[in-house]
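One point on numbering: in full-length UniProt numbering, the residue at position 125 of the sequence shown is 125, and numbering is uninterrupted.
Heads up, the beta-carbon is just placed ideally off N, CA and C, and yes, glycines get one too.
Here the structure is a predicted model, which is why all the values come from computation and not from measurement.
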Amino acid sequence: MCQKYHVILLSDEIHGDLVRDNVKYTPAFSVSEALRDNIISLVSPTKTFNVAALHAATVIIPDENLRYIVNRGLNSDELAEPNLLAIPATIAAYTEGFSWLHELLVIINRNFNYAEKEITNNLEDVKIVSGPATYLLWLDVSKVSSNSQELADYIRKETGLIVSPGSIYRGNGNKFLRLNLASPISMVEDGIKRLISGIKKYSKNS
Numbered sequence: 001m002c003q004k005y006h007v008i009l010l011s012d013e014i015h016g017d018l019v020r021d022n023v024k025y026t027p028a029f030s031v032s033e034a035l036r037d038n039i040i041s042l043v044s045p046t047k048t049f050n051v052a053a054l055h056a057a058t059v060i061i062p063d064e065n066l067r068y069i070v071n072r073g074l075n076s077d078e079l080a081e082p083n084l085l086a087i088p089a090t091i092a093a094y095t096e097g098f099s100w101l102h103e104l105l106v107i108i109n110r111n112f113n114y115a116e117k118e119i120t121n122n123l124e125d126v127k128i129v130s131g132p133a134t135y136l137l138w139l140d141v142s143k144v145s146s147n148s149q150e151l152a153d154y155i156r157k158e159t160g161l162i163v164s165p166g167s168i169y170r171g172n173g174n175k176f177l178r179l180n181l182a183s184p185i186s187m188v189e190d191g192i193k194r195l196i197s198g199i200k201k202y203s204k205n206s
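Written out as structure tokens, the structure reads:
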């Protein structure tokens with residue numbers, strides 16, 4: 001379809017290293033050799049290695065003409081100039097960070113298993129939105145509230161737990177909450193208890 005209608009596939013693979021148990025990361029470039037010239041792939045160490053402050057990212061474009069166009073667009077606003085630490089830090093992360101990443105994935109998967117079990121057992125009106133990767137837990141709270149910002153504010157006020165309202169992403173975001181599980185299990189356990197308590201109180205008072 002991309003070739004037939006001259007469509008460029010932009011593949012954001014920033015969470016590609018953070019796959020769940022028994023999930024294999026499939027880069028867009030591995031899908032079809034014939035499609036390579038229609039693909040732009042975006043990767044970065046920022047999510048995986050928690051180095052967002054470096055502002056380091058890579059745009060992979062096999063097609064020479066398309067790469068020239070994108071390169072001109074990026075450089076016209078000086079967006080493609082990395083800071084002093086960005087390149088060496090990226091190289092270090094991808095060449096020396098495997099053991100650390102392996103340990104991280106064990107922790108994240110354990111946290112997800114715990115959070116999903118507790119939420120399923122204690123919040124029947126909240127639906128877990130399962131995904132193949134990332135450390136961010138998405139929750140469908142549409143049966144609890146039609147205003148995710150209001151719900152997030154209530155949870156914070158009542159329990160001290162800060163969750164992200166899906167409304168900031170527009171569209172149907174008001175149906176969702178987002179919770180970061182890239183933390184020690186003790187913090188996740190405490191956070192999930194607060195989440196459950198906050199949502200139950202909100203539902204009771206609504």
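Residue interval of the beta strand (DSSP E) (run including F176): That run of the beta strand (DSSP E) goes 176-180.
Just the C-alpha distance for I199 and E118, rounded to the nearest angstrom, thanks. Taking the straight line from one Cα to the other gives about 13 Å.
Check this for me: beta carbons of V43 and T26, under 7 Å apart or not? No, they are not a contact pair.
Among D21, C2, I168, G16, whose alpha-carbon lies nearest the alpha-carbon of R110? When each option's Cα is compared against that of R110, the closest is D21.
Roughly how many angstroms lie between the CA atoms of N83 and S142, to the nearest whole one? Approximately 42 Å, taken between the alpha carbons.
Determine the burial state of K24: buried for a count of at least 16 other Cβ atoms within 10 Å of its Cβ, exposed for fewer. Per the 10 Å Cβ criterion, exposed.
Buried versus exposed call for L18 [16 or more other C-beta atoms within 10 Å across all chains shown]: Buried is the call here.
Are the CB atoms of I40 and L10 within a distance shorter than 7 Å? Yes. Within cutoff.
Rounded separation between S203 and D190 - CA only: S203 and D190 have their C-alpha atoms spaced approximately 20 Å apart.
Would you mind listing the alpha helix (DSSP H) stretches within the region 19-62 that are 4+ residues and don't spill past its ends, in chain order? List check, alpha helix (DSSP H) in window: 46-49.
What are the start and end residues of the beta strand (DSSP E) that includes L10? L10 -> beta strand (DSSP E) spans 9-12.
For S164, does the three-state DSSP call read helix, strand or coil? DSSP places S164 in strand when its eight states are reduced to three.
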